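Q: I have a structure here, written as structure tokens, and I will follow up with some questions on it.
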Amino acid sequence: MGSGCTFGVVTRFPEHVRAFAPAFWEVKDVGGARRDPVPGSIPMVSCFADNRTAKAHPDWVQVGPGGERATRDQPYFDWDCLCPSRPEVEELALGWVREALEQSGSRSFRLDDVTFAREGYCRCPACEEAASRKGLDWETYRLHRLEEFVRRCRPLVADTLYFTLYPDPYPGHLERRFGIDVDRLKKWVDVFVVPIYDLAYSTTYWLEVLAQGFRDRLGGHPWFLELYGLGVELERLVKAARVGAAYADGILVAYERDEERLRRVAEAVGR
Ligand SMILES: [Zn+2]
2 MGSGCTFGVV TRFPEHVRAF APAFWEVKDV GGARRDPVPG SIPMVSCFAD
52 NRTAKAHPDW VQVGPGGERA TRDQPYFDWD CLCPSRPEVE ELALGWVREA
102 LEQSGSRSFR LDDVTFAREG YCRCPACEEA ASRKGLDWET YRLHRLEEFV
152 RRCRPLVADT LYFTLYPDPY PGHLERRFGI DVDRLKKWVD VFVVPIYDLA
202 YSTTYWLEVL AQGFRDRLGG HPWFLELYGL GVELERLVKA ARVGAAYADG
252 ILVAYERDEE RLRRVAEAVG R
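Numbering-wise, the sequence shown is residues 2 to 272 according to this note's numbering.
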């Protein structure tokens, strides 16, 4: 099982970047914090989630159907979501992408949080105005807007463009909930990355259901399954990786500190 399956990491340790490829490095996170990229890593940037920018520019935050704002003040949200229709937000996000690529020297890149906050978002004046200007109904406009952003990022990335997806393979869900049209994005994205996190992986049937769902949903387009590694019992992490490797083109382990444990998982999936 798993022969030919890529193994990589999402890490905060430069030594892991030297030991594993691909090694993803979070250059800008949802809080708005920046970390200088490490040479050899693939930069990840959270594009439309940014608490710092939301605080500085409250009018750039996504707005729900009842006028509610997509911030952590609401119980549902863990971070603040910026509106992709705002030209200022798009310029900011494209600037983060360019800067991370320049600083890292990487030819590949991973887009994170390119998404509307959830179903019903965003109803801000910029979205309403843009939808009517383009003559699109609101649902179609959302799909169009995010695709357009990815299309603009594409020429900045010389090699592989990775794109993070929320782990719901059910047909129609990513479209309705987040404004993400996976089929259209295939044109620009080389590899989708699906984080399916658990703190223990004590059972794996659900992981297998989701992994199989994504394999079917993506119809042969390359995708990597990302597992959470920190504090997970090695035997269980290995089992989860093996289950995933039967369906995904690559396995990533995120945030694990111990290089030896990472090697054991890599060997288990055939690398
Ligand atoms: Zn909006």
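Note that beta-carbon positions come from the ideal geometry of N, C-alpha and C, so glycine has one too. Just so it is clear, the structure is predicted and the values come from calculations on it, not from any experiment.
(1) Return the CA-CA distance between A282 and Q213, expressed in angstroms with no decimal places.
(2) Kindly indicate which three-state DSSP category A24 falls into: helix, strand or coil?
(3) Under the rule that 16 or more other beta-carbon atoms within 10 Å means buried, what is E268, buried or exposed?
(4) Would you mind reading off the limits of the alpha helix (DSSP H) that contains D113?
(5) Pull up the distance between the alpha-carbon of A22 and that of S42, whole angstroms please.
(6) Quick one: what does DSSP say M2 is sitting in, helix, strand or coil?
(7) Nearest CA to the CA of D114: which residue from V39, W97 and Q104?
(8) Looking at A118: is its Cβ nearer than 8 Å to the Cβ of C82?
(9) At what residue ranges does the stretch 49-116 contain a whole run of the alpha helix (DSSP H), taking only runs of 4 or more?
(10) Are there any heavy atoms of ligand 1 lying less than 7 Å away from the beta-carbon of Q75, as far as the coordinates show?
(11) What does DSSP give as the partner residues of R264 in its beta bridges?
(12) From this set, Y206, R124 and D74, which residue's C-alpha is nearest V244's C-alpha?
(13) Could you say if the stretch 75-91 and the stretch 47-56 meet the contact criterion of at least three C-beta pairs nearer than 8 Å?
(14) With 16 other CB atoms within 10 Å as the buried threshold, where does R36 fall?
(15) If you count every other CB in all the chains shown that lies within 10 Å of the CB of E257, and 16 or more means buried, which is it?
(16) Taking DSSP as the reference, what is the three-state secondary structure of R36?
(17) So the candidates are K188, R111, R87 and D74; which of them puts its Cα closest to the Cα of E227?
(18) With Y163 as the anchor, note down where its beta strand (DSSP E) starts and where it stops.
(19) So, for L186: in the same chain, excluding its five sequence neighbours on each side, which residues have a beta-carbon less than 7 Å away from its beta-carbon?
(20) Span of the alpha helix (DSSP H) holding E284?
(21) Mark Q63 as exposed unless 16 or more other C-beta atoms lie within 10 angstroms of its C-beta, in which case mark it buried.
(22) Any idea what DSSP makes of E140, helix, strand or coil?
A: Straight from the coordinates:
(1) As shown, the chain starts at 2 and ends at 272. That puts residue 282 outside it, with no answer to give.
(2) strand
(3) Exposed: under 16 other Cβ atoms inside 10 Å.
(4) Note, D113: premise wrong, no alpha helix (DSSP H); beta strand (DSSP E) at F110 to D113.
(5) 8 Å
(6) Any answer about M2 is weak, because its pLDDT of 42 lies below 50 and its placement is not dependable; what the coordinates show is given next. For M2, the three-state secondary structure derived from DSSP is coil.
(7) It is W97.
(8) yes
(9) 52-57 and 88-105
(10) no
(11) DSSP, once it has assigned bridges, lists no residue as partnering R264.
(12) Y206
(13) yes
(14) R36 comes out exposed.
(15) Using a 10 angstroms sphere on the CB of E257, the tally of other CB atoms reaches 16 or more, which defines it as buried.
(16) coil
(17) The shortest C-alpha separation from E227 is found at R111.
(18) L162 to T165
(19) E148, V151 and F164
(20) Residue coverage of the chain in this structure runs from 2 to 272, which leaves residue 284 outside it and unanswerable.
(21) buried
(22) helix
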